[in-house]
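K.L.:
Add 600 to the 1-based position in the sequence shown for the working numbering, that's all there is to it. Think of the CB as a built atom: it goes at the ideal place given N, C-alpha and C, for glycine as much as any other residue. In this text, all values refer to a predicted model and were calculated from it rather than measured experimentally. This structure is in structure tokens; I'll ask about it shortly.
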Amino acid sequence: MSTLGWRILLLVVVARALPDPSSSSSSRDRRQVDTSNLSDAELLCRLTSAVDGINENCDTPASKPDTAVSGNCRCAPAWQCKDDTSPSELTDGGSFLTQVNVRTIGISCPTPEEVCCFNIDASLQPQTLPFSPSCGKRNSQGIVTNFVGFENRQSQFGEFPWMAAVMTSQTFGPDAAPLYICGGSLIHSQIVLTAAHYMQDKTASELAVRLGEWNFREQSESVPHQEYGIQEVLIHPKYVGTVLAYDVALLILDQPATLGHTVDTICLPPPNYDFRDHTCVVSGWGKDMFSETGKFQQILKSIDLPPVDHNSCERAMRTTRLGTSFNLHESFLCAGGEAGKDACEGDGGSPLACFKSTDPNKYYQAGVVSWGIGCGQAGLPGVYADVSKAVPWINTIIQEKFGHDVRIGGK
């Protein structure tokens, strides 16, 4: 392939997110929380907010709402509202979720978790579903609160407990905040899997990982996120930066994560596993389009994507500027190819998680968002590092450092 072709390829080595508001990854209608009053700079500032709290310098008078929004009605967490017209309770497995319809509340509160309430009992604590550790368990109805009415593929709070945000560990300047680098996934209580091309020039001391995050704009989640430093950065020994072969890296956390409702691991597949008969979903906080006008997402979003076989993906890539001689490396797999449905810039390192129809309650990580040509173009799948090709190496690392296997094949 020509030098120009590789330059173009590397320019589009970005992680990829999810625009088309007309489609949905579940039977629920979804609606994007209004961010029209935030500039891209403001939202990016919030996206890269400080580890210990939101950077108030991100706010402008126009973007900072008042918690008292109408007469004596005040915004409060939904589970603390005792109004007769307060959100209904939804049973799930013998427990309760506070149900909030974001389309019918009618009065805007600063965060999705809040409703405008007259009778507030601040002593009430959120109720959570029973927790039993299990890799690859998706909380499709959410944790504590079940949001009805999202229209732009926002996830439920706690829906993807394996999702990780990789960030810088330090700020630059007195008023600056740590920077969001890429996505990742928790595959072991002390290991995050991400993309090597983001980590190849990073040291452990430069990095931090946030687990259990959902809404980057606010700190109001009912279960706080967790922050960890990085003890070691490990790049796959076969990684080749020029072609992004084996584009996977492991981040060893400085201590084990506390597993719970919003932080848990995703299962890893057996070596060389074939995902073509699976249903897959990618999640991330990346932009909604590949351009300077694309907006980073404040709430974690997700989209269902069909796996695409290797040969079909290679043929599709040969119709692009990559040229007819382009060869897709064996360490990649592909998914997507439907207009407006893709990962995008800022989603790099994020997991492509899949389940089989015979076991819809257990997700396995098929891929790591690696690169693509634009975002969401019809006929052009996204390209992911094939996790099943990296599993033998991952197993070796876990044996060496922790003396036991990561949960593979549902173990």
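Please report the distance separating the alpha-carbon of PRO733 from that of ASP959.
P.N.:
Along the sequence shown, one-based indexing puts residue 733 at 133. Along the sequence shown, one-based indexing puts residue 959 at 359. Straight-line Cα distance between these residues: approximately 17 Å.
K.L.:
CB VAL881 to CB SER902, shorter than 8 Å?
P.N.:
Counted from its first residue, the sequence shown places residue 881 at position 281. Counted from its first residue, the sequence shown places residue 902 at position 302. Yes. Within cutoff.
K.L.:
For a test of the three-state rule: what should DSSP assign to SER950, helix, strand or coil?
P.N.:
The residue you call residue 950 lines up with position 350 of the sequence shown. Reduced to three states, the DSSP call for SER950 is coil.
K.L.:
Report the residue from CYS717, PRO726, TYR798 whose alpha carbon sits nearest the alpha carbon of VAL766.
P.N.:
As a working note, residue 766 is residue 166 in the sequence shown. The option with the nearest alpha carbon to VAL766 is TYR798.
K.L.:
Quick check: LEU905 and GLY936, are their CB atoms within less than 8 Å of each other?
P.N.:
In the sequence shown, counting from the first residue as 1, residue 905 sits at position 305. In the sequence shown, counting from the first residue as 1, residue 936 sits at position 336. Yes, these two residues count as a Cβ contact at 8 Å.
K.L.:
Take PHE718 and list the residues in its own chain whose beta-carbon comes closer than 7 Å to its own, dropping the five residues that flank it on each side.
P.N.:
Your numbering for residue 718 matches position 118 in the sequence shown. Excluding sequence positions up to five before and after PHE718, its CB lies within less than 7 Å of the CB of ASN672, CYS673, ASP683, all in the same chain and listed in chain order.
K.L.:
Using DSSP bridges, identify the partner residues of PRO677.
P.N.:
Residue mapping note: residue 677 aligns to position 77 of the sequence shown, counting from 1. DSSP, once it has assigned bridges, lists GLU714 as partnering PRO677.
K.L.:
Excluding the 5 residues flanking SER625 on each side, which residues of the same chain have their C-beta closer than 7 Å to its C-beta?
P.N.:
Taking the first residue of the sequence shown as position 1, residue 625 is located at position 25. Bear in mind that a pLDDT of 37 at SER625, under 50, signals an unreliable position, so the model cannot answer this.
K.L.:
With 16 other CB atoms within 10 Å as the buried threshold, where does LEU724 fall?
P.N.:
Start at 1 with the first residue of the sequence shown, and residue 724 comes out as number 124. LEU724 comes out exposed.
K.L.:
Assuming CYS934 and PRO981 make a contact with CB atoms under 8 Å, what is their CB distance in whole Å?
P.N.:
For this step, residue 934 is matched to residue 334 along the sequence shown. For this step, residue 981 is matched to residue 381 along the sequence shown. Right, their Cβ atoms sit about 4 Å apart.
K.L.:
Which residue or residues does DSSP assign as beta-bridge partners of LEU786?
P.N.:
In the sequence shown, residue 786 corresponds to position 186, counting from 1. VAL792, per the DSSP bridge assignment.
K.L.:
So what does PRO907 bridge to, in DSSP terms?
P.N.:
Working through the sequence shown from its first residue, we reach residue 907 at position 307. Looking at the DSSP assignment, PRO907 forms a beta bridge with ALA935.
K.L.:
Comparing alpha-carbon positions, which option in ASN927, ALA978, PRO726 lies nearest SER938?
P.N.:
Counting from 1 along the sequence shown, the entry for residue 938 is found at position 338. Looking at the sequence shown, residue 938 is not Ser but Glu. The residue with the shortest Cα to Cα distance from GLU938 is ALA978.
K.L.:
Under DSSP, the beta strand (DSSP E) around PHE764 begins and ends at which residues?
P.N.:
Here the question's residue 764 lines up with position 164 in the sequence shown. The displayed chain sequence assigns Ala, not Phe, to residue 764. Taken as a continuous stretch (DSSP letters only), the beta strand (DSSP E) holding ALA764 covers 763-768.
K.L.:
Which residue marks the beginning of the alpha helix (DSSP H) containing LYS1001, and which one marks its end?
P.N.:
Taking the first residue of the sequence shown as 1, we reach residue 1001 at position 401. Under the DSSP assignment, LYS1001 falls in the alpha helix (DSSP H) whose first and last residues are 987-1002.
K.L.:
Helix, strand or coil, according to DSSP, for SER805 in the structure here?
P.N.:
Within the sequence shown, numbered from 1, the residue matching residue 805 stands at position 205. Reduced to three states, the DSSP call for SER805 is helix.
K.L.:
May I have the straight-line CA-CA distance separating MET917 from SER970, to the nearest angstrom?
P.N.:
In the sequence shown, the residue the question calls residue 917 occupies position 317. In the sequence shown, the residue the question calls residue 970 occupies position 370. Rounded to whole angstroms, the gap between the alpha carbons of MET917 and SER970 is 14 Å.
K.L.:
Looking at the structure shown, is HIS929 part of a helix, part of a strand, or coil, going by DSSP?
P.N.:
On the sequence shown, residue 929 is found 329 positions in, with the first residue counted as 1. It is coil, neither helix nor strand.
K.L.:
Please list, in chain order, all residues of the same chain as GLN831 whose beta carbon is under 7 Å from its beta carbon, the five residues on each side excluded.
P.N.:
If you number the sequence shown from 1, residue 831 lands on position 231. Result list for GLN831: ALA804, ILE852, LEU853, ASP854, in chain order.
K.L.:
Tell me the residue span of the beta strand (DSSP E) that contains HIS861.
P.N.:
Within the sequence shown, numbered from 1, the residue matching residue 861 stands at position 261. Neither: HIS861 is in no beta strand (DSSP E) and is coded neither H nor E.
K.L.:
Helix or strand or just coil, what does DSSP make of GLU813?
P.N.:
Position 213 of the sequence shown, counting from 1, holds the residue named residue 813. GLU813 falls in the coil class under three-state DSSP.
K.L.:
So GLU759 is in the beta strand (DSSP E); what residue range does that whole segment cover?
P.N.:
Here residue 759 refers to the residue found at position 159 of the sequence shown. No beta strand (DSSP E) contains GLU759, which DSSP labels as neither H nor E.
K.L.:
Would ALA1012 and PRO761 be called neighbours here (beta carbons separated by less than 8 Å)?
P.N.:
It is not possible to answer for residue 1012, since the shown part of the chain is limited to 601 through 1011.
K.L.:
Which value, in whole angstroms, describes the spacing of the CA atoms of ARG915 and ARG921?
P.N.:
Taking the sequence shown and counting its residues from 1, the one referred to as residue 915 is at position 315. Taking the sequence shown and counting its residues from 1, the one referred to as residue 921 is at position 321. About 12 Å.
K.L.:
Taking DSSP as the reference, what is the three-state secondary structure of ALA966?
P.N.:
On the sequence shown, position 366 is the one that residue 966 refers to. In the structure shown, ALA966 sits in a strand (DSSP, three-state: E or B).
K.L.:
Check for me: the beta strand (DSSP E) holding ILE720 runs from which residue to which?
P.N.:
Stepping through the sequence shown from its first residue, residue 720 is reached at position 120. That residue, ILE720, is in no beta strand (DSSP E); it is neither H nor E in DSSP.
K.L.:
Is the beta carbon of GLY967 closer than 8 Å to that of LEU952?
P.N.:
Numbered from its first residue, the sequence shown carries residue 952 at position 352. Numbered from its first residue, the sequence shown carries residue 967 at position 367. Yes, they are a contact pair.
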